[in-house]
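Here is the structure we will look at, set down as structure tokens.
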Amino acid sequence: MGLSNSHKCDVTSYSMRVKVASLLACIALLMGLCCAPGIAYADVYKTDIILGKTVEERDLDVSRCPNIFCERACLIDEEGNILFERDAHTPTKIASITKVMTAIIALENTSLNDSLTVSERAIDVGESSSGLEAGDIITMENVIKAMIVPSGNDAAHAIMEYVGARLIADKKTELTDPEAAFIEAMNKKAKEIGCEDTLFTNPHGLDDGDFASDAHSTAHDVAVMSRYAMQNEFLASVAEAGNNYADVIRYGENISLGLESTNQLLDFYAPCTGLKTGSTDEAGYCFAGSATSGTVSLYSAVLGSDDPSERFYDTRDLMNWGFAHRVEYKLIQSMTTTRITVDGTTKTVPVVASVPHAAWTDRTFYATVADPTQSINLFDIEGNVSQQVDFDEIENDVHVGDKVGTITFFQRNVEIAKVDMISCEEVEAPSMLERLGIWFERLLRGFRDEPTVAEGEVYNQTPLLNNRAGA
Numbered sequence: 000m001g002l003s004n005s006h007k008c009d010v011t012s013y014s015m016r017v018k019v020a021s022l023l024a025c026i027a028l029l030m031g032l033c034c035a036p037g038i039a040y041a042d043v044y045k046t047d048i049i050l051g052k053t054v055e056e057r058d059l060d061v062s063r064c065p066n067i068f069c070e071r072a073c074l075i076d077e078e079g080n081i082l083f084e085r086d087a088h089t090p091t092k093i094a095s096i097t098k099v100m101t102a103i104i105a106l107e108n109t110s111l112n113d114s115l116t117v118s119e120r121a122i123d124v125g126e127s128s129s130g131l132e133a134g135d136i137i138t139m140e141n142v143i144k145a146m147i148v149p150s151g152n153d154a155a156h157a158i159m160e161y162v163g164a165r166l167i168a169d170k171k172t173e174l175t176d177p178e179a180a181f182i183e184a185m186n187k188k189a190k191e192i193g194c195e196d197t198l199f200t201n202p203h204g205l206d207d208g209d210f211a212s213d214a215h216s217t218a219h220d221v222a223v224m225s226r227y228a229m230q231n232e233f234l235a236s237v238a239e240a241g242n243n244y245a246d247v248i249r250y251g252e253n254i255s256l257g258l259e260s261t262n263q264l265l266d267f268y269a270p271c272t273g274l275k276t277g278s279t280d281e282a283g284y285c286f287a288g289s290a291t292s293g294t295v296s297l298y299s300a301v302l303g304s305d306d307p308s309e310r311f312y313d314t315r316d317l318m319n320w321g322f323a324h325r326v327e328y329k330l331i332q333s334m335t336t337t338r339i340t341v342d343g344t345t346k347t348v349p350v351v352a353s354v355p356h357a358a359w360t361d362r363t364f365y366a367t368v369a370d371p372t373q374s375i376n377l378f379d380i381e382g383n384v385s386q387q388v389d390f391d392e393i394e395n396d397v398h399v400g401d402k403v404g405t406i407t408f409f410q411r412n413v414e415i416a417k418v419d420m421i422s423c424e425e426v427e428a429p430s431m432l433e434r435l436g437i438w439f440e441r442l443l444r445g446f447r448d449e450p451t452v453a454e455g456e457v458y459n460q461t462p463l464l465n466n467r468a469g470a
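Going by numbering that gives the first Met the number 0, the residue at position 72 of the sequence shown is 71; the numbering climbs one at a time, nothing skipped.
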């Protein structure tokens, strides 16, 4: 959309103000970091839960636990595994984090190109505003930005009115009131994605005065919701971009509204990719976070912080703790190698075991795996890795690439991976005459209490995770 000269001046002026404000905010946060105590473990609770067990049950040293100050928290990974919990299932207010679900419902029921007209009711919501005015015409793409970036209650209400009406028109609900239809969709979606104790009553999260209600969620549910939301490419891009603009048509003219992000974590924590702040007197200061380091993504909820900066520090420390204990573990780690030829191509492969051929008394052959490079992500606090090697009962001819057994990997006695072993060699089974001789040999070996089949040997190793076992 084009801008008039006056509007261009407004945008330039706004851009300068945003830059200055962002710089001052960043300086304030960094000063807070510098002035904060270097290390403090006062807020590592024995009741904090790490991978399903309390710190006390694991007998963990506090140096290996998240050191955070919020009342409630949760950290999950990209697969939905719960890495850390602090009072994560107690219902509480979540303030503007509510807008994450509002965005989800909008994105899943409309097009980004849809246009809506902002109503007087949307403007009258009050509190945090994106600067919309009654009568503004705005696309869904831009109104979502106006809601997420500066936490606009006006934008959230406008979304609810439009999407609620669409849900009714598209016969996705039996309700006839757009507001009720939208709230119904929010609560249905919460249950669908795995939220266990969440209730929405409005699209913005205000919780006092006319908006007082029994709306609530939990740290666990906020982390689950954040993980789900960040799978949407558009929402993820908005959450990560920080300061932004929203194009609107106002009184027939195209203008751009400057949007200043409430997510100050983006200013000083490089892995941060989102997502949403929230604060009311009852909720305290809250933050739904997402961060990516390398190939690992984590999602967090920090609720009930005492001041606005604390929620960002806690999120940073929680994320750093998660990344530090996340290990990419290579399954195949053998120092023994051999060369095999498959489809005319010869290559060097690791030998994971020598497998006994059950039809012979003294013959074994090398085995490898189809993909020696495969790895899995583990949490080192859960303990070291062990393996169990099972050989198939081989009686017939063996060809290169045939399955000859399995390796099963465990962490704290829980299966984490299972891999087929395949033959590196061609091995012929004994002939009928040879089998007769082997039968007599085994008979004699039995009398002498000697093995009747060759013993296999395992070459694959399971090194310690970072040379430390999680207690």
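C-beta atoms are modelled at their ideal positions from N, C-alpha and C, and glycine is treated no differently.
Assigned exposure category for Thr-217 - 16 Cβ within 10 Å defines buried: In the sequence shown, the residue the question calls residue 217 occupies position 218. Here Thr-217 is buried. Its C-beta has 16 or more other C-beta atoms within 10 Å.
DSSP beta-bridge partners of Arg-325: Translated into the one-based positions of the sequence shown, residue 325 becomes position 326. Phe-378.
C-alpha distance - Ile-331 paired with Phe-83, whole-angstrom precision: Taking the sequence shown and counting its residues from 1, the one referred to as residue 331 is at position 332. Taking the sequence shown and counting its residues from 1, the one referred to as residue 83 is at position 84. Roughly 29 Å separates the two Cα atoms.
Exposure label - Glu-480; buried when at least 16 CB within 10 Å: This structure cannot settle anything about residue 480, because the visible part of the chain is limited to 0 through 470.
C-beta atoms of Thr-367 and Ile-421 nearer than 8 Å: Start at 1 with the first residue of the sequence shown, and residue 367 comes out as number 368. Start at 1 with the first residue of the sequence shown, and residue 421 comes out as number 422. One thing to note: Thr-367 has its Cβ within 8 Å of the Cβ of Ile-421.
Paired residues, beta bridge with Ser-289 - DSSP: In the sequence shown, the residue the question calls residue 289 occupies position 290. Per the DSSP secondary-structure output, Ser-289 pairs in a beta bridge with Gly-273, Tyr-298.
Helix, strand or coil at Met-420 [DSSP, three-state]: Counted from its first residue, the sequence shown places residue 420 at position 421. Strand at Met-420.
Identity of the residue in Cys-423, Lys-190, Arg-315, Gly-79 nearest Thr-363 by Cα: Taking the first residue of the sequence shown as position 1, residue 363 is located at position 364. When C-alpha distances from Thr-363 are compared across Cys-423, Lys-190, Arg-315, Gly-79, the shortest belongs to Cys-423.
Given 8 Å, three or more beta-carbon pairs between the region 114-124 and the region 89-97: The region 114-124 vs the region 89-97: no contact.
Opening and closing residue of the alpha helix (DSSP H) in which Tyr-268 lies: Position 269 of the sequence shown, counted from the first residue, corresponds to residue 268. Premise fails: Tyr-268 is in no alpha helix (DSSP H) and is neither H nor E.
Backbone secondary structure at Leu-317 - three-state DSSP: Numbered from its first residue, the sequence shown carries residue 317 at position 318. Leu-317: helix per DSSP, three-state reduction.
In DSSP terms, what Ser-216 is bridged to: Translated into the one-based positions of the sequence shown, residue 216 becomes position 217. Beta-bridge analysis with DSSP links Ser-216 to Thr-91.
Lys-144 in three-state terms, based on DSSP: Residue 144 sits at position 145 when you count from the first residue of the sequence shown. Correct three-state label for Lys-144: helix.
Given 8 Å, three or more beta-carbon pairs between the region 237-253 and the region 204-216: The region 237-253 is not in contact with the region 204-216.
Proximity of Ala-282 and Leu-274 at Cβ, strictly below 8 Å: The sequence position of residue 282 within the sequence shown is 283, counting from 1. The sequence position of residue 274 within the sequence shown is 275, counting from 1. No, Cβ-Cβ distance for Ala-282 and Leu-274 is not below 8 Å.
C-beta contact flag for Gly-455 and Ala-358 at 8 Å: Residue 455 sits at position 456 when you count from the first residue of the sequence shown. Residue 358 sits at position 359 when you count from the first residue of the sequence shown. Not in contact: Gly-455 and Ala-358 (Cβ atoms no closer than 8 Å).
Those residues which DSSP pairs with Glu-252 across a bridge: Working through the sequence shown from its first residue, we reach residue 252 at position 253. The bridge partners DSSP lists for Glu-252 are Arg-249.
Ala-102 versus Asp-135, Met-229, Val-61, Glu-132, residue with shortest Cα-Cα distance: Taking the first residue of the sequence shown as 1, we reach residue 102 at position 103. Of the listed residues, the one whose Cα sits closest to Ala-102 is Met-229.
Segment contact, 8 Å Cβ cut-off, at least three pairs: the region 293-301 with the region 248-257: Touching, no.
Sequence-distant residues of its chain with Cβ nearer than 7 Å to Glu-183 (five each side left out): Walking along the sequence shown from the start, residue 183 turns up at place 184. When the five nearest sequence neighbours on each side are left out, the beta carbons in the same chain lying within less than 7 Å of the beta carbon of Glu-183 are those of Thr-172, Leu-174, in order along the chain.
Leu-442, enclosing alpha helix (DSSP H) - first and last residue: Counting from one through the sequence shown, the residue named residue 442 turns up at place 443. Counting along the chain, the alpha helix (DSSP H) containing Leu-442 begins and ends at 431-446.
Cys-285 and Arg-315 closer than 8 Å at C-beta: Looking up residue 285 in the sequence shown gives position 286. Looking up residue 315 in the sequence shown gives position 316. No, the Cβ-Cβ distance between Cys-285 and Arg-315 is not below 8 Å.
The alpha helix (DSSP H) enclosing Leu-463, as first and last residue numbers: Mapped onto the sequence shown, residue 463 falls at position 464. Taken as a continuous stretch (DSSP letters only), Leu-463 belongs to no alpha helix (DSSP H), as it is neither H nor E.
Distance CB(Gln-373)-CB(Thr-407) smaller than 8 Å: Taking the sequence shown and counting its residues from 1, the one referred to as residue 373 is at position 374. Taking the sequence shown and counting its residues from 1, the one referred to as residue 407 is at position 408. No. Outside cutoff.
Through-space distance from Val-348 to Asp-401, alpha-carbon basis: For the purposes of this step, residue 401 is identified with residue 402 of the sequence shown, where counting begins at 1. For the purposes of this step, residue 348 is identified with residue 349 of the sequence shown, where counting begins at 1. If you take the alpha carbons of Asp-401 and Val-348, they lie about 15 Å apart.
Cβ pair Leu-106, Asn-242 closer than 8 Å: As a working mapping, residue 106 is identified with position 107 in the sequence shown. As a working mapping, residue 242 is identified with position 243 in the sequence shown. Against a cut-off of 8 Å, the Cβ pair of Asn-242 and Leu-106 comes out as no contact.
Inter-residue Cα distance where the pair is Leu-264 and Met-318: In the sequence shown, the residue the question calls residue 264 occupies position 265. In the sequence shown, the residue the question calls residue 318 occupies position 319. Leu-264 and Met-318 have their C-alpha atoms spaced approximately 12 Å apart.
Beta-carbon proximity list for Asp-306, same chain, < 8 Å, skipping 5 on both sides: On the sequence shown, position 307 is the one that residue 306 refers to. For Asp-306, where only same-chain residues beyond five positions count, the Cβ hits under 8 Å are Tyr-284.
Endpoints, the beta strand (DSSP E) within which Gly-163 is located: In the sequence shown, residue 163 corresponds to position 164, counting from 1. No beta strand (DSSP E) contains Gly-163, which is instead part of the alpha helix (DSSP H) from 152-168.
Under 8 Å between C-beta atoms of Val-124 and Asn-80: Stepping through the sequence shown from its first residue, residue 124 is reached at position 125. Stepping through the sequence shown from its first residue, residue 80 is reached at position 81. Their beta carbons are not under 8 Å apart, which means Val-124 does not touch Asn-80 by this criterion.
Nearest-angstrom Cα separation, counted from Val-61 out to Phe-378: Along the sequence shown, one-based indexing puts residue 378 at 379. Along the sequence shown, one-based indexing puts residue 61 at 62. Distance between Phe-378 and Val-61, taken at the CA atoms: about 17 Å.
Cβ pair Thr-276, Ser-128 closer than 8 Å: By 1-based counting over the sequence shown, the position of residue 276 is 277. By 1-based counting over the sequence shown, the position of residue 128 is 129. With respect to the 8 Å criterion, Thr-276 and Ser-128 are not classified as neighbours on the basis of their beta carbons.
The alpha helix (DSSP H) enclosing Ser-236, as first and last residue numbers: To locate residue 236, count along the sequence shown from 1; it is residue 237. Unbroken alpha helix (DSSP H) run through Ser-236: 232-240.
Supposed contact pair Met-146 and Ile-158 - C-beta distance, whole angstroms, cut 8 Å: As a working note, residue 158 is residue 159 in the sequence shown. As a working note, residue 146 is residue 147 in the sequence shown. Going by Cβ atoms, the distance from Ile-158 to Met-146 rounds to 6 Å, so yes, they are a contact pair.
Closest by C-alpha distance to Thr-279, when choosing among Phe-322, Phe-233, Gly-204, Tyr-227: The residue given as residue 279 occupies position 280 in the sequence shown. Nearest of Phe-322, Phe-233, Gly-204, Tyr-227 to Thr-279, Cα basis: Gly-204.
Asp-246 and Phe-68 closer than 8 Å at C-beta: The residue given as residue 246 occupies position 247 in the sequence shown. The residue given as residue 68 occupies position 69 in the sequence shown. Result no, Cβ atoms of Asp-246 and Phe-68 do not sit closer than 8 Å.
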